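Peer 1: To start, I am sharing the structure in question, which I have written as structure tokens.
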Amino acid sequence: EAKRRRVEGDAMRVGLVGLGSVGSIVAEALSSPSGLLRPGAALGAVLVSRQREARPPEIGSEALLTTDIEAFMSADWSVCVEAAGQPWVKEHGRRVLSEGRSLLVTSVGVFTDDTLMEEFRDLAKGSGAQLLIP
């Protein structure tokens, strides 16, 4: 229920997975004072594969920065933006959707598997989340 409230709240908080080329651009857009992606949107958490020596400036100072999937999933965000590759989607995407959180997948090639696509659509529908594919 707490996670459902996050989805229904006014401000969109984003959980970003990956901080490579795509993830860095998303992080910068969300951290900009002009609210480049959506006014009021903000990074809630960033999941990276390895800890950095210094905090990347593009994520700002407020978002959780972690390598721990459990810490990431426990953070306050309602929309997950995946920028980490197909293996991450296959391994963790179901959990995101099952918890009623929306999932924007940048690694769209993962859905050449029709069975996986159908499963993710069903999970999103059943939980009230959105599966977003650009």
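Numbering (this note's numbering), first residue to last: -12 to 121. Cβ atoms here follow ideal geometry from the backbone N, Cα and C, with glycine treated the same way. Quick caveat: nothing in here was measured; it's all calculated off a predicted structure.
So, for Ser85: in the same chain, excluding its five sequence neighbours on each side, which residues have a beta-carbon less than 7 angstroms away from its beta-carbon?
Peer 2: On the sequence shown, residue 85 is found 98 positions in, with the first residue counted as 1. So the qualifying residues of the chain are Leu110 and Ser114.
Peer 1: What residues in its chain sit with their C-beta under 7 angstroms from that of Glu45, if we drop five residues either side in the sequence?
Peer 2: Translated into the one-based positions of the sequence shown, residue 45 becomes position 58. Once the five neighbours on either side are set aside, the close Cβ partners of Glu45 are Ser11, Ala14, Glu15 and Ser18.
Peer 1: Assign Val68 to one of two classes, buried (16 or more other C-beta atoms within 10 Å of its C-beta) or exposed (fewer than that).
Peer 2: Start at 1 with the first residue of the sequence shown, and residue 68 comes out as number 81. Val68 is buried by the Cβ-count criterion.
Peer 1: Decide if Thr99 is buried, meaning its Cβ has at least 16 other Cβ atoms within 10 Å, or exposed.
Peer 2: Translated into the one-based positions of the sequence shown, residue 99 becomes position 112. When all chains shown are included, Thr99 counts as exposed.
Peer 1: Return helix, strand or coil for Thr53, following the three-state DSSP convention.
Peer 2: As a working note, residue 53 is residue 66 in the sequence shown. Residue state, collapsed to three classes: strand.
Peer 1: Per the DSSP calculation, Glu69 is bridged to which residue(s)?
Peer 2: The residue given as residue 69 occupies position 82 in the sequence shown. In DSSP, Glu69 forms a bridge with Val4 and Val92.
Peer 1: Please identify the residue among Val97, Arg0, Ala71 and Gly87 whose C-alpha is closest to the C-alpha of Gly31.
Peer 2: Numbered from its first residue, the sequence shown carries residue 31 at position 44. When only C-alpha atoms are compared, the closest one is Arg0.
Peer 1: Spatial neighbours of Trp75 within its chain, please: CB distance less than 8 angstroms, with the 5 preceding and 5 following residues excluded, ordered by chain position.
Peer 2: Looking up residue 75 in the sequence shown gives position 88. Cβ within range, chain order: Val4, Gly5, Glu69 and Ser94.
Peer 1: In chain order, what residues of the same chain have a beta carbon less than 8 angstroms from the beta carbon of Ala(-2), not counting five sequence neighbours either side?
Peer 2: As a position in the sequence shown, residue -2 is number 11, starting the count at 1. Excluding residues within five positions, the ones whose Cβ falls inside 8 angstroms are Gly27, Ala28 and Ala29.
Peer 1: Determine which residues share a DSSP beta bridge with Ala29 and list them.
Peer 2: The residue given as residue 29 occupies position 42 in the sequence shown. DSSP, once it has assigned bridges, lists Arg0 as partnering Ala29.
Peer 1: How many angstroms separate the CA atom of Val9 from the CA atom of Glu57?
Peer 2: Looking up residue 9 in the sequence shown gives position 22. Looking up residue 57 in the sequence shown gives position 70. The straight-line gap from Cα to Cα measures roughly 23 angstroms.
Peer 1: Grab me the residues of Gln73's own chain with a C-beta within less than 7 angstroms of its C-beta, minus the 5 sequence neighbours each way, in chain order.
Peer 2: Working through the sequence shown from its first residue, we reach residue 73 at position 86. In the same chain as Gln73, and ignoring 5 residues on each side of it, the C-beta atoms closer than 7 angstroms to its own belong to Ser94, Gly96 and Val97, in chain order.
Peer 1: State yes or no: is the C-beta of Ala32 nearer than 6 angstroms to some heavy atom of the ligand FAD?
Peer 2: No copy of the ligand FAD appears in this structure; indeed no ligand is present at all.
Peer 1: Start and end of the alpha helix (DSSP H) containing Thr102?
Peer 2: Residue mapping note: residue 102 aligns to position 115 of the sequence shown, counting from 1. For Thr102, the enclosing alpha helix (DSSP H) stretches over residues Asp101 to Ser114.
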